[in-house]
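So for the sequence shown, this note's numbering puts the first residue at 1431; every next one is plus one.
Glycine residues also receive a C-beta, built at the ideal position from the N, C-alpha and C atoms.
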Amino acid sequence: MSWDNRVVWSEGMFVLPQHFQQADRYVERLVRARVAALRSFPWGVTGLEINRNLLATGQFAVTRCSGVLEDGTPFSIPDDAFPPPALDVPENTRDCIIYLTLPIVHPGGVEVELDDVAQTVARYSALEVEVGDSVGSAGGSKARLHLGRLRLRYALETDPRADTVSIGLARIVEVRPDRSVVLDDRYIPPSLTAAASPVLTGFLTELHGLLRQRAVALAGRVSESGVKGVAEFADYLLLLVLNRYEPVLAHLAQIGAIHPEDFFRTCVQIAGELASIFAKSRRPPEFPVYRHDDLQKSFAPVMSELRHALTMMIDSAATPLMLQQTKFGIWYAPLTDRTMLSNTSFVLAVKSAAAVETLRATFPGQVKIGPGDQIRDLITSASRGIHIRALPVAPRQIPYHAGKVYFEFERNGPQWDAMRSSGGFAIHIAGDFPNIEMDLWAIREVTS
């Protein structure tokens, strides 16, 4: 016999309680099968409120708790199910999950216990209730009915939970000497909606805030910048990612009714796109497989990666320094922030009517660079000042222009050390380079 097959109702049949019980099982199985196919992980809590006062006495209980168990059984404490007896937590309990359990229904087994027996394996206990007739005028006849209430119980992770369906509610960190129970505030119970967990709600709000903050700052910089180099193109790519997901996260944060698996998918999607911009390998890290029964382990590495990517410095990596030409072939570039000398590369972009290869080969030997207050002594001495070397290509952070040669300052030597007490760079060109044009760039070194 199939325990869940539908009843064939026919005229003249002798109706027994088993007919209605079988009909109930068929309808319940039909609903479970239909709902389970609608989405993955269709179970979890939808609301949870822990009795914090009992924790101080070494006990655990919930004030309110609702949701759907893994077998599809809905529950709501205290609306249609009595709160289970409080759980006495043993003194030596550490790093242990507390579960809400319910006996499993076995084909042919007893589902309802008429007498409230503590050790029974029945799923329901019978509760006698007086129910009025809902059809007709007020004050109609009433009848006493036996209604089934779920026999929900608490159990520790270390307790035997065979023949039960269970769902995690909280994790115990430790039990203190005074018997008070300390719960892990980072624990996320299996949930049907992010709104059921303050941790998931916090992740959602935090991620939306980070995206919005970065998008606003980046939009202003991209709009005002006149630079059209590789770095600005990277800024535009980042802004595309931020603008794509910021409205989505704003919507989800407002309604809060997103399934954790959908939220996880959105998070890894954002992390994957950001990895193309920030990660050295241009690839996202290997994230753990989503586990509905261990959401903390699933979300922690993803959120850590998102925080890292979104809190990285997004200030422009390249800053142009103003070069002012004076008499006698000397250019000055004021340096207002001397801390740049320790974490910044300086690149001189040079263009002239001379051939590019000639410029690349002869310019380093005919230019002297040093502190502004020592440039005249450098010109009259045999010292070359700060050495420069030709770069094979333009750094990606600054614009590329055909015909320009890019030289990087070597950050060593006595003249470089003297820059720490100087107001800026001075550049003197001894050779003849007709129609010379120069741009000086400061490129901050970014470590990820």
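Give me, in chain order, the residues of the same chain whose beta-carbon lies closer than 6 Å to that of residue i; leave out the 5 immediate sequence neighbours on both sides.
| i | result |
| --- | --- |
| Phe1471 | Glu1691 and His1722 |
| Ser1614 | In the sequence on display, residue 1614 carries Asp and not Ser. Once the five neighbours on either side are set aside, the close Cβ partners of Asp1614 are Arg1601 and Val1603. |
| Leu1740 | Leu1640 and Arg1644 |
| His1449 | Val1437 |
| Asp1745 | With a pLDDT of only 49 at Asp1745, under the threshold of 50, the placement of this residue in the model should not be trusted, and no figure is reported. |
| Ile1866 | Ser1782 |
| Asp1545 | none |
What span of residues does the alpha helix (DSSP H) with residue i cover, start to end?
| i | result |
| --- | --- |
| Glu1881 | It is not possible to answer for residue 1881, since the shown part of the chain is limited to 1431 through 1878. |
| Asp1807 | Ile1805 to Thr1810 |
| Val1732 | Leu1725 to Leu1740 |
| Ala1416 | Coverage of the chain is limited to positions 1431 through 1878, which leaves residue 1416 absent and any answer about it impossible. |
| Ala1772 | A small fix is needed here, since residue 1772 is Ser in this sequence, not Ala. First-last of the alpha helix (DSSP H) with Ser1772: Met1770 to Asn1773. |
Contact check, residue i vs residue j under 8 Å by CB: the rounded distance?
| i | j | result |
| --- | --- | --- |
| Tyr1617 | Tyr1529 | 12 Å between Cβ atoms; not a contact. |
| Ala1872 | Met1770 | 6 Å |
| Ser1621 | Val1475 | 5 Å |
| Gly1854 | Leu1725 | Contact doesn't hold; Cβ gap of about 55 Å is too wide. |
| Val1786 | Val1835 | 6 Å |
| Val1559 | Leu1577 | 5 Å |
With a threshold of 7 Å on Cβ separation, who are the neighbours of residue i within its own chain once the five nearest residues in sequence on each side are excluded?
| i | result |
| --- | --- |
| Leu1669 | Ala1645, Leu1648, Ala1649 and Val1652 |
| Asp1434 | Arg1455, Tyr1456 and Arg1459 |
| Met1443 | none |
| Val1519 | Gly1488, Gln1489, Phe1490, Ile1602, Val1605 and Val1611 |
| Ala1624 | Leu1630, Thr1631, Leu1634, Gly1686, Ile1688, Pro1690 and Phe1693 |
| Asn1673 | Ala1645 |
| Gly1861 | Thr1792 and Gln1796 |
| Pro1514 | Leu1582, Arg1583 and Tyr1584 |
Which one of the options has the shortest CA to CA distance from residue i?
| i | options | result |
| --- | --- | --- |
| Ala1393 | Val1777, Ala1763 and Arg1674 | Outside the displayed span of the chain (1431 to 1878) sits residue 1393, for which this structure offers no information. |
| Pro1864 | Gln1827, Pro1794, Met1849 and Leu1789 | Leu1789 |
| Gln1452 | Arg1464, Val1461, Ala1466 and Ser1432 | Ser1432 |
| Asp1767 | Asp1501, Gly1570, Thr1749 and Ile1527 | Thr1749 |
| Val1698 | Tyr1675, Val1535 and Ala1664 | Tyr1675 |
| Ala1709 | His1738, Met1733 and Glu1541 | His1738 |
| Leu1870 | Arg1695, Pro1731 and Pro1829 | Pro1829 |
| Arg1464 | Gly1502, Val1678, Pro1607 and Ala1848 | Gly1502 |
| Arg1494 | Gly1477, Leu1484 and Asn1483 | Gly1477 |
| Leu1485 | Ser1811, Leu1751, Arg1609 and Leu1679 | Arg1609 |
| Asp1847 | Ser1772, Ala1783, Ala1832 and Ala1779 | Ser1772 |
| Ser1852 | Ala1763, Ala1784, Pro1731 and Arg1874 | Ala1763 |
| Thr1594 | Val1535, Pro1619, Leu1557 and Ala1664 | Val1535 |
Have a look at the DSSP bridge pairing and note the partners of residue i.
| i | result |
| --- | --- |
| Glu1636 | DSSP output for Glu1636 lists no bridge partner at all. |
| Gln1450 | For the sequence presented, residue 1450 should be read as Phe rather than Gln. Partner(s): none; Phe1450 has no beta bridge. |
| Ala1748 | Ile1873 |
| Glu1558 | His1576 |
| Phe1717 | Its beta-bridge partners do not exist; DSSP assigns none. |
| Phe1855 | Ala1763 and Pro1801 |
| Ser1506 | Ser1496 |
| Ile1527 | Arg1601 |
| Gln1796 | None; Gln1796 has no bridge partner. |
| Tyr1617 | None, per the DSSP bridge assignment. |
| Ser1596 | Thr1531 |
Counting only the same chain and skipping the five closest in sequence on each side, list residues whose C-beta sits under 8 Å from that of residue i.
| i | result |
| --- | --- |
| Gln1845 | Ile1799, Gly1800, Pro1801, Gln1804, Leu1808, Ser1813, Gly1815 and Ile1816 |
| Arg1819 | Pro1794, Phe1837, Glu1838 and Glu1840 |
| Ala1511 | Phe1505, Arg1579, Leu1580 and Leu1582 |
| Val1671 | Ile1700, Glu1703, Leu1704 and Ile1707 |
Going by DSSP, what residue range makes up the beta strand (DSSP E) through residue i?
| i | result |
| --- | --- |
| Trp1433 | Here Trp1433 belongs to no beta strand (DSSP E), and DSSP marks it neither H nor E. |
| Arg1482 | Looking at the DSSP string, Arg1482 is not in any beta strand (DSSP E); the run it does join, the alpha helix (DSSP H), is Arg1482 to Leu1485. |
| Val1835 | Val1835 to Phe1839 |
| Arg1819 | Ile1818 to Ala1820 |
| Arg1583 | Arg1583 to Leu1586 |
How about residue i: is its Cβ closer than 7 Å to a heavy atom in the ligand SAM?
| i | result |
| --- | --- |
| Ala1463 | Because no ligand of any kind appears in the structure shown, any question about the ligand SAM cannot be addressed here. |
Any Cβ of chain C within less than 8 Å of the Cβ of residue i?
| i | result |
| --- | --- |
| Ala1626 | Reference to chain C is not applicable here, since this structure consists of a single protein chain. |
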